[in-house]
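*Asks:* Sending over a structure as structure tokens; questions will come in a sec.
In full-length UniProt numbering, the protein residues as written are 1 to 166.
Here it is as structure tokens:
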């Protein structure tokens, strides 16, 4: 099948637990589709080269750079953005820890970092500081110096393990 740049295709996906559908051109990046077509403005677009991590979302539960995916690659997938973390306007434990540890300043990178942290804590429930810093090495933040972020992630991991044992 020959595809031209001006064609559009229906993209159906699950976004933050809700079935969504919109048309997208074949060249549309997933980050732009989520922000502009589906209104998920928590997805921030920084470098558009997969370097900064600001656009990180979960695709079928795995952290992915949405600037490196086309919208058509999101078809029939489960996408979670930072908007999925709060429950009825109550911040998640991770978001609360970020707040307590001043793990954000300007906030541009925060959504992507939070989504990577969600994936990371699912895979590594009891990380050490080195593991957290390694995970964060895929994100650029010019404001925080990462210390508060590391402290927040370690705190949440410890709390979750303590609560699991109760």
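The beta-carbon is built from N, C-alpha and C at its ideal position, and this holds for glycine as well.
Can you tell me whether residue 129 is helix, strand or coil according to DSSP?
*Replies:* Note: residue 129 maps to helix in three-state DSSP.
*Asks:* Quick one: what's got a C-beta closer than 8 Å to residue 150's C-beta in the same chain, skipping five residues either side?
*Replies:* Here the set comprises 129, 132, 133 and 136.
*Asks:* So, does the stretch 36 to 55 touch the stretch 91 to 102, judging by three or more C-beta pairs under 8 Å?
*Replies:* As far as the Cβ criterion goes, the stretch 36 to 55 does not touch the stretch 91 to 102, which means the pair count is below three.
*Asks:* Report yes or no: do three or more beta-carbon pairs, one from the stretch 9 to 21 and one from the stretch 69 to 85, lie closer than 8 Å?
*Replies:* Contact holds: three or more Cβ-Cβ distances are below 8 Å.
*Asks:* Return helix, strand or coil for residue 9, following the three-state DSSP convention.
*Replies:* Here residue 9 sits in strand by DSSP.
*Asks:* What is the DSSP secondary structure of residue 4, reduced to helix, strand or coil?
*Replies:* If DSSP states are grouped into helix, strand and coil, residue 4 belongs with coil.
*Asks:* When you compare only the Cα positions, how much space is there between residue 161 and residue 152?
*Replies:* Looking at the two C-alpha atoms, the distance is approximately 14 Å.
*Asks:* How would you label residue 34, buried or exposed, when you count the other beta carbons within 10 angstroms and need 16 or more for buried?
*Replies:* Buried.
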